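The block underneath contains the structure these notes are about, expressed in structure tokens.
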Amino acid sequence: MTSLRGRTLAATLDRPLTRELWRLVDAQPASPDEAVIGPDRIGETLNVRRSADGPASNAIVLPAHLDYLAAGDIIAIAPAGTQVEVLWRRRSPHNSILLTERCDNYCLMCSQPPKERDDSGLLRRAAALIRMLPPNAPELGFTGGEPTLYGGGLVALLRTATQCLPDTELHLLSNGRRFADPDFAAEYATVNNPRLMVGIPVFGAESSLHDYVVQARGAFDETITGILALARLRQRVEVRVVLQKHTAPAIVEIAEFIARNLPFVEKVALMGLEMTGLARANLADVWIDPYDYLGDLAEAAQLLKHAGVRTNIYNHQLCVLDRRVWPLAVRSISDWKNEFLPECMSCSVREDCGGLFASSVKHRYSDHITPIFQSAIPAPPSSSAFSRP
Amino acid sequence: MRQRLTLEPAPGPLEHLPFRFERWADGRVLVTNMVGEHVFLSGEEFVALAELRIEDPALHRRLRAKHIIRQRGEKLPVELLALKYQTQHHRLADFTGLHMFVVTLRCEHSCNYCQVSRRTVNRTEFDMSPDTARAAVDAAFRSPSPQLKFEFQGGEPLLNMEIVQLVTEEAQRRNATEGRRLAFVIASNLALLDDDVLDFADKHDVYFSTSLDGPQELHNRNRPRPGRDSWERAISGVARIRERLGHHRVSALMTTTAASLGRVRDIIDCYLEQGFRDVFLRPLSPYGFALRQRQRRGYDMTAWIDFYTEGMDYILELNAQGVPVVETYSALVLKKMLTNAPHGYVDLTSPAGIGIGALVYNYDGAVYASDEGRMLAENGDTTFRLGHLAHDSYETLMTGAALLDPLEESYTGSAPQCSDCAFERWCGADPVFHHATVGDPLGRKPESAFCRRNTAVFRYLLDRYAVDPRAREIFRAWAAR
Amino acid sequence: MPDPTPIQPDAVLTLDAVAHPADVVQRAAYRFSDVITVEVCRDGDILTCKVYARDSNCLGTALHDLRAEIVDQVLRARIRDETQGVRNLVLAVAFSRTGLAGPEA
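Structure, rendered in structure tokens:
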């Protein structure tokens, strides 16, 4: 989830804000970190108003694209009230916290292109955010950049999350390289949270392909060594493979490699490209029409499934997937990001399909998006297959 | 500015990792790595590999992914090979998991391939005694294996249910303090199945394995009994077990005879009609009565290979039509080819499964290294008799030359031809078979029917896997069982 | 016991003993022991292989196959030698610790 931000339409504050994070409420605020959202002022606290509500005293006015914010959501507001950033949406099943934009890989299709600057403020903000989250939050992601660049700082954050949110599934995204350092892997393992899982991308069955895709020599060795270290420490690992121009033709080989060398991983995510960041900039270098790898993707997914590795396919429309793997397809594109094309309107499985990223619709999508007609479908996959990632 | 990496492999010398090869008639070369992963190369690709002059980046990637080559000094391939190798072997330390109890030699059938001395129904001096049974249970629990399978055989075990019950109850009593996973199977012709047996099986979670050679006339011709109704009784026994205990509580095994050849489709159809989804296309064993009979009903392996090939073609056809039938031996081989998982089949392992994988406790208290070893003894050859429960300690039984010599001599890692063989990781040692057929535990591979049979199976599976995506998927599903 | 009358071999192969060590040739010969038997003797740099065919009709094919197999066995010996070190290393690592405990990994 890319964090959404915007410039406020108006900010009429008594004094600069002394805190950054605010939980939105629609009733009398119960604590100093709460602000009332809506046109009606309640008490003297900060009021967050929607674009059509117009300005008021001790209030900020959201830009129209952030009008969807509602009670329970958590935002960051700049001290002068001029900028707003959405950090947590109560109604979304997939919230994640950006910890840093620094990274030691440089993937050709990276959706969060690395920036080399100290942004450790994000780590501190993350700790503050975690303390404000509802304990019944089902899931929380940690993303970057490369979060493990914080070393012990990341481990401390994960410990905080474990203490504050013992029932929340924690999903850390990492390139896995730092775990090749046995001391760091051991430190990570001391968090000892059975709901913590790390998602690690693998882009080849050997170093020349993987290192090329991530543009870092030695990355494959460190990543796989890291995965092995985590496995020895009984840590939960998900392997992610993004299907792009170079990885898609090798997907069966990559699946074979995972099945034979890393069969202990908890799950594998086979993911379609999102047209943001470097993927857009390097389009010619990374784009492949999913229809062209339809057969290989199905073979790879089935191979992993038979090897006992739980496998799911993300970010692919049903019409570009082999029917045999429809049960593995997840409607992962979050609600406010998925779009359909005009031709999708007559498709009989549209309800079960994740549709397309808005960015894909804008920049590049398969030439083979076509509606599926009822008579052509075998028994539909059970709805329980369409679960959260 | 970052230096842009290209898809070319990093410069630097390459090294071979341990690999073996076998040439195919069409010019392709099969290459297998140290843990039995395989790849087919063209003639030129193989030369490039042999000489380490690999210019094609795609070939480079394939060979590195399969741990056939590495960059000089690269550590990760060693780490991964070691993990895979260790996974494939880690069950060895569990030691003997299969314990066969020959509770009686008595049987009311007179199967013409029977590898056990037949005795009439009434001679109870061929029954295992309670003392022997208890001593055998003791011996079984000496094995450190976390799972112990107790398999009751004969003759016909239902003719000595008293001992079957004694062993089962004694094992469960012992297990209260041992905490192993126990399994009980009765290998029976089911002709004498009754409610008492079913009650007992229900109470103690006992499984059944029965003989089903094929359609009625084939089965009954192979397996005469008074009343000539072996097939009918087997089928009816199966139905009763399924109804009372569950569909999965009974499995069937066929024995192949000369009469079976040419009828593999009928046999498979019979299995499907009777609700079985697993068929084991076995070769004829060379032991016991089959050898003693003057009229050699045997056949050479060529005919069996045709039988297997036709059977497998049919099975793949059926699978393509949505009928999920599995050939048991092929599934086992595929598990070895496609995974690192240990498989627990004692007749296709190296070191051999004799003693260290399975033990046989005979009705008379003698202990044998394998079922076939016991059959040889019934015909006067006691080579594989390890000792006797009343006279020999567990240590004597398991560390005597009778067990250790054939284990060592048959070990494929050091056996002539096996040690070079591209299929070796998938194959096994069968010292008893070779002793019975050629008089030594190793045999000479070019003349070995065991080698011929397994080579045929490997080649069939490899060829289908390479060219047929649907067979590939079916095989991967089988390997996962 | 008197020596039996020496039987003449059906064919004799002469090979360079350095390029074709006796062990390699014997391994090759073993593969065809169902159709031929081979007596190998070395004299300095010459390796002499006396070939006896069980069935003289198969001799031509057997000799051709034998020569091809000798070439392959030379390669096998080279690979074995080259990779013996790393093979031992793999085995040492494999059995140096319990590794990934538990699952059928």
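Chains as they are written, first to last, in the working numbering: chain A, 1 to 389; chain B, 390 to 870; chain C, 871 to 975. Idealized CB from N, CA, C, for every residue including glycine. Because the structure is a prediction, the values reported are computed rather than measured.
Go ahead and pull the three-state DSSP assignment for residue i.
i	result
A:Trp-88	strand
A:Thr-143	strand
C:Ala-881	strand
B:Met-690	helix
B:Phe-597	strand
B:Asn-729	coil
B:Arg-570	strand
A:Ser-51	helix
A:Val-390	No answer is possible for residue 390 of chain A: it lies beyond the span of chain A, which begins at 1 and ends at 389.
B:Gln-684	Only weak support is given to the placement of B:Gln-684: the predicted model assigns it a pLDDT of 37, under 50, and the question is left unresolved by the model.
A:Cys-164	helix
C:Ala-887	coil
B:Lys-724	helix
What does residue i touch in chain C if you count any residue whose Cβ is under 7 Å from its own?
i	result
B:Glu-797	The contacting residues do not exist; B:Glu-797 stays about 18 Å from chain C at best.
So residue i contacts chain B; which residues on that side make the cut at Cβ distance below 9 Å?
i	result
A:Thr-225	Lys-464, Leu-465 and Glu-468
A:Ala-185	Within 9 Å Cβ-Cβ: nothing; A:Ala-185 doesn't reach chain B, min ~14 Å.
C:Arg-937	Ordered by position in chain B, no residue passes the 9 Å Cβ test against C:Arg-937, which lies about 14 Å from the chain.
A:Tyr-212	Leu-394, Thr-395, Leu-396 and Glu-397
C:Ala-881	Correct list: empty, because the minimum Cβ distance to chain B is about 18 Å.
Name the DSSP beta bridge partners of residue i, please?
i	result
B:Ala-758	B:Ala-758 is not bridged to any residue.
A:Gln-83	A:Arg-7
A:Pro-201	A:Arg-240
B:Tyr-886	Because chain B spans 390 through 870 in this model, residue 886 of chain B falls outside it and cannot be assessed.
B:Asn-422	B:Phe-408
B:Val-668	B:Glu-716
C:Val-963	Answer by DSSP bridge pairing: none, since C:Val-963 is not bridged.
B:Tyr-734	Answer by DSSP bridge pairing: none, since B:Tyr-734 is not bridged.
B:Leu-854	Sequence check: residue 854 of chain B is Tyr here, not Leu. Note: B:Tyr-854 sits in no beta bridge, so no partner.
A:Ser-359	Answer is none; A:Ser-359 lacks a bridge partner.
B:Leu-403	B:Gln-460
B:Gln-542	B:Val-491
C:Asp-913	C:Ile-916
Name the chain B residues that come within less than 8 Å of residue i, Cβ to Cβ?
i	result
C:Arg-897	Pro-805, Gln-806 and Asp-809
A:Leu-17	Per Cβ cutoff of 8 Å: no residues; A:Leu-17 is ~39 Å from chain B at best.
Residues of chain B with CB closer than 7 Å to the CB of residue i, please, in chain order.
i	result
C:Thr-953	His-405, Leu-406 and Pro-407
C:Ile-949	His-405 and Phe-408
C:Leu-959	Val-467
A:Gly-308	Ala-869
C:Leu-945	Ala-439
A:Asp-221	Leu-465
C:Val-963	Val-467, Glu-468 and Ala-471
Name the chain A residues whose beta carbon is nearer than 7 Å to that of residue i?
i	result
B:Pro-858	Glu-299
So with CB distances below 9 Å, who are the chain A contacts of residue i?
i	result
B:His-449	Glu-206 and Ser-208
What in chain C is Cβ-close to residue i, meaning under 8 Å?
i	result
B:Glu-836	Ser-903 and Asp-904
Which bits of chain C does residue i rub up against, with CB to CB less than 9 Å?
i	result
B:Arg-833	Tyr-900, Ser-903 and Asp-904
With 8 Å as the limit, tell me which residues of the segment 465-476 of chain B have their beta carbon closer than that to any beta carbon of chain A; keep them in chain order. Per Cβ criterion, the list reads Leu-465, Glu-468, Leu-469, Leu-472 and Lys-473.
Compile a chain-ordered list of the residues in the segment 248-263 of chain A whose CB is closer than 7 Å to at least one CB of chain B. The residues in question are Glu-253, Phe-257, Arg-260 and Asn-261.
The segment 748-757 of chain B in contact with the segment 771-787 of chain B per 3-pair CB rule at 8 Å: Because the criterion of three Cβ pairs below 8 Å is met, the segment 748-757 of chain B and the segment 771-787 of chain B touch.
Under 8 Å: do the segment 161-178 of chain A and the segment 187-198 of chain A share three or more Cβ pairs, one atom per stretch? Yes, they touch.
Identify each residue in the segment 598-616 of chain B for which the Cβ-Cβ distance to at least one residue of chain C is less than 9 Å, and report them in chain order. Answer in chain order: no residues at all.
Decide yes or no for the touch test of the segment 942-960 of chain C against the segment 893-903 of chain C: beta carbon pairs closer than 8 Å, at least 3 of them. Under the three-pair Cβ rule at 8 Å, the segment 942-960 of chain C counts as touching the segment 893-903 of chain C.
Does the segment 270-289 of chain A come close enough to the segment 835-853 of chain B that 3 or more CB-CB pairs lie under 8 Å? Too few Cβ pairs lie closer than 8 Å, so no.
Near-chain C residues of the segment 421-445 of chain B - C-beta to any C-beta below 8 Å: Answer set for the segment 421-445 of chain B: Met-423 and Ala-439.
Between the segment 316-334 of chain A and the segment 68-77 of chain A, do three or more beta carbon pairs fall short of 8 Å? No: the two stretches stay apart, fewer than three of their Cβ pairs being nearer than 8 Å.
Take every Cβ of the segment 449-462 of chain B, pair it with every Cβ of the segment 712-731 of chain B, and state whether three or more of those distances are shorter than 8 Å. Between the segment 449-462 of chain B and the segment 712-731 of chain B there are fewer than three inter-stretch CB-CB distances shorter than 8 Å, so the stretches are not counted as touching.
For the segment 544-564 of chain B against the segment 798-808 of chain B, are there 3 or more C-beta pairs whose distance is under 8 Å? Not touching, per the Cβ criterion.
Quick test of the definition: if touching needs 3 or more C-beta pairs under 8 Å, does the segment 336-348 of chain A touch the segment 297-313 of chain A? Using a Cβ-Cβ distance cut-off of 8 Å, the segment 336-348 of chain A and the segment 297-313 of chain A are not in contact, since fewer than three pairs of beta carbons, one from each stretch, lie closer than that value.
Do the segment 847-854 of chain B and the segment 292-303 of chain A make contact, defined as three or more Cβ pairs closer than 8 Å? Segments in contact, no.
Are three or more beta carbon pairs between the segment 560-572 of chain B and the segment 626-642 of chain B nearer than 8 Å? Contact fails: fewer than three Cβ-Cβ distances are below 8 Å.
Do the segment 200-218 of chain A and the segment 159-168 of chain A make contact, defined as three or more Cβ pairs closer than 8 Å? No, they do not touch.
Three-pair Cβ contact test at 8 Å for the segment 877-892 of chain C versus the segment 914-927 of chain C: They touch, by the three-pair rule.
I want to know whether the segment 580-597 of chain B touches the segment 470-478 of chain B - three or more CB-CB distances under 8 Å. No, because fewer than three Cβ pairs between the segment 580-597 of chain B and the segment 470-478 of chain B fall closer than 8 Å, the two stretches do not touch.
Three Cβ pairs or more, each shorter than 8 Å: is that satisfied between the segment 129-141 of chain A and the segment 236-246 of chain A? By the C-beta criterion, the segment 129-141 of chain A is judged not to be in contact with the segment 236-246 of chain A, since fewer than 3 inter-stretch pairs fall below 8 Å.
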